[in-house]
Amino acid sequence: MKIDLQDTFTSELPADPNLENTRRQVAEACFSYATPKKTTKPELIHISNEMAEHLGFDATTIKTQEFLNIVTGNAIIEDSKPYAMCYGGHQFGNWAGQLGDGRAINLGEIVHNNKRWALQLKGAGETPYSRTADGLAVLRSSIREYLLSEAMQHLGIPTTRALSLSLSGDKVLRDVLYNGNPEYEKGAIVARVAPSFLRFGNFEIFSSRQDYKTLETLVNYTIKHFYPHLEQNSKDGYIQFFKEVSERTLKMIIEWQRVGFVHGVMNTDNMSILGLTIDYGPYGWLEGYEPSWTPNTTDRQHKRYRFENQPNIGLWNLYQLANALYPLIEDAEPFEEILEDYKINYATGYLKMMRNKIGLISLDDNDPELLSSLEEALQLTETDMTIFFRNLGSIHKEDSISTAIEKIHDAFYTPEDLKEDILEKWQAWFATYLQRLQQEIISDLERKTKMNAVNPKYVLRNYMAQLAIDKANEKDYSLIDTFYQLLKSPYDEQTNYEEWFAKRPDWARNKVGCSMLSCSS
Ligand code: AMP
Ligand code: MG
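Take the numbering used here: the final residue in the sequence shown is number 553, and no numbers are missing along the way.
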């Protein structure tokens, strides 16, 4: 099988001259060569046909043993020199030094239909950046990453993609809750795809070492390939570059807030320089609308990465990137302006997004208040975010308050808790909302169509991912395919999948993997 690679990363950026695989600090280099580890019994579990097509792999190719070998690291693409990238990062607010691709190995860049894609294996064994870990990944976290990267794409949210999910056939030792109970789990490998996997941390590492030469080389490379409309090799271009990264980051985070996605580990090494959602770890979806919720048990104490804090963290991370780029510009003002704009644009962007969610097209000065009172009401009793907003689209302008409440009633987890005072608050909110809808000139049906396009009916609820994982552990991969298919059209009514438009079942409320996740993967 001949795969045409055109690897700009390794041909245009400085390489680590040391070819050994020993764990080390790597200076003045953007990457180190690394060879994927051979696995005992590679087995393909699922493939994204859509992604395969984007890469130019036809239906026959993806069925071959050679394809399987390549996406599991058991065969190297002809003429390719796999590599791991060097990056650092701020983890939970602290500079963590060199991190790098500890278990991700890049196979190279494939150009197809004028698009360039970097192909990367996650869980393919040790690299110079593996630190104290094994370079491997387990099945549960790989299923989560595989399914959601494709699902996010279909939700219209910028993301890295996934080509395939495979078992390695090897066992991997993990202590899921970090409480001294390590167990062997099935090893897995996800073949991930993105125009680039560069992160904020790739830039921070050189700045932290005052290696401004490599920093500049990397910035020039990034602009040339991924921001080609900007001026190259100039301070103005660098400022524009930072501005665009800032705008893309904000856009991505507003999209997360729209659908109730909580990334869980927004460290700067997990922030894509292209504004893509990257590194799916202990992420989760808001079920009950609870702004202070985080799925990540490792972050339970401070909840730094809780839902409501994601926009702030995006900004904080951009400050770190600004600091990293500063030596190339030596003028703080443009950075400050861009970061100031982030705050302003967040406020307006968030408002616009929320207005869309409740179907408001005309403008009214009282809308911010209407929305904040809605956010308060949603927290009075556990209320399912996805179901609430989806069902809100069914409301007619002429509905009575009680009919309107009836229509969103399914979103309440414990309707018996709707005590009189809570019900009164909802009645008051719907009274204002129904009145507000009178100002809208479009029909109920048109409004519903617009609302359905921003309020997904189906998301990969935490318990759904866990169900797919539990079955996969028993060698039944049917739910992976079910969810893969279902989540291709998250905004559509899909009558055959109606059972997944449902609140989280009670058994999943406090279950590991559903409401509690750790970074262990
Ligand atoms: P994460 O929290 O998954 O974003 O990972 C943070 C850093 O740890 C990155 O440099 C990863 O490559 C590295 N890392 C995470 N898990 C492993 C592992 N099992 N083996 C080697 N490196 C890892
Ligand atoms: Mg990461």
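Even glycine gets a Cβ: it sits at the ideal position worked out from N, Cα and C. None of these values were measured; they are calculated from a predicted model.
Asked	Found
Quick check: K384 and V486, are their CB atoms within less than 7 angstroms of each other?	no
Can F274 and L357 be called in contact, C-beta distance under 7 angstroms?	yes
Hey, out of I393, P447 and A504, whose CA is closest to K480's CA?	I393
Does the Cβ of V544 have 16 or more other Cβ atoms within 10 Å, making it buried, or fewer, making it exposed?	exposed
Could you give the residue range of the alpha helix (DSSP H) that holds R193?	From DSSP, R193 is part of no alpha helix (DSSP H) but of the beta strand (DSSP E) over R193 to R206.
Taking buried to mean at least 16 other C-beta atoms within 10 Å of its own C-beta, is K154 buried or exposed?	buried
What residues come near the ligand MG, if near means a beta carbon less than 5 angstroms from any of its heavy atoms?	N302 and D311
Closest to S547 by CA distance: which of R224, G296 and K375 is it?	G296
In the DSSP output, what is S304 paired with across the bridge?	R231
Would Y253 count as contacting chain B if we go by Cβ distances under 7 angstroms?	You won't find chain B in this structure, because it holds only one protein chain.
Hey, V222 and S174 are a contact pair by Cβ (cut 8 angstroms); roughly how many whole angstroms apart?	5 angstroms
From I437 to H186, what does the alpha carbon distance come to, in whole angstroms?	30 angstroms
In or out: E401 buried (at least 16 other Cβ within 10 Å) or exposed?	exposed
What whole-angstrom Cβ distance do F63 and F99 have, given they're in contact under 8 angstroms?	With a Cβ gap of about 25 angstroms, F63 and F99 do not count as contacting.
Over the uninterrupted alpha helix (DSSP H) stretch that includes E279, give me the two end residues.	K267 to V291
Starting from the Cα of W458, find the closest Cα among E408, Q517 and E110 and give me that residue.	E408
Excluding the five sequence neighbours on either side, which residues of its own chain have a C-beta within less than 7 angstroms of the C-beta of N349, listed in chain order?	F232, M298, T300 and M303
Report buried or exposed for W461, applying the criterion of at least 16 other Cβ atoms within 10 angstroms of its Cβ.	buried
Do C118 and T330 count as a contact pair if the criterion is CB distance below 7 angstroms?	no
Determine which residues share a DSSP beta bridge with R493 and list them.	According to DSSP, which records beta bridges pairwise, R493 is partnered with nothing at all.
Tell me the DSSP secondary structure of N138 in three-state form.	strand
Determine whether the beta carbon atoms of D243 and E60 lie at a separation below 7 angstroms.	yes
Between I79 and L195, what straight-line distance do the alpha-carbon atoms span, to the nearest angstrom?	6 angstroms
Where DSSP assigns a beta bridge to W539, which residues make up the other side?	W539 pairs with nothing; no bridge assigned.
Using only the alpha-carbon positions, how far apart do N494 and G125 sit?	26 angstroms
Relative to the ligand SAM, is the shortest distance from any of its heavy atoms to the C-beta of C551 smaller than 6 angstroms?	Looking at this structure, you won't find the ligand SAM anywhere; what it does contain is the ligand AMP and the ligand MG.
Excluding the five sequence neighbours on either side, which residues of its own chain have a C-beta within less than 6 angstroms of the C-beta of G292, listed in chain order?	W317, L318 and M417
What do you reckon, is the C-beta of G570 under 6 angstroms from a heavy atom of the ligand AMP?	Residue 570 is absent from the structure shown; the chain starts at 33 and stops at 553.
Which first and last residues belong to the alpha helix (DSSP H) in which V251 is found?	Y244 to F258
The alpha helix (DSSP H) spanning L410 covers which residue range?	D399 to L410
Taking all protein chains shown into account, do 16 or more other C-beta atoms lie within 10 angstroms of the C-beta of R224, making it buried, or fewer, making it exposed?	buried
In the stretch 149 to 195, which residue ranges form an unbroken alpha helix (DSSP H) of at least 4 residues, counting only runs that do not cross its ends?	171 to 187
Can you tell me which of A534, A500, D476 and E322 puts its alpha carbon nearest to the alpha carbon of D442?	A534
Does the Cβ of G316 lie closer than 6 angstroms to at least one heavy atom of the ligand AMP?	no
Would G167 pass as a contact of R135 if the rule is Cβ separation under 7 angstroms?	yes
Could you name the residues of the same chain whose beta carbon sits closer than 8 angstroms to that of L371, not counting the 5 residues immediately before and after it, in chain order?	S278, L347, L350, Y351 and A354
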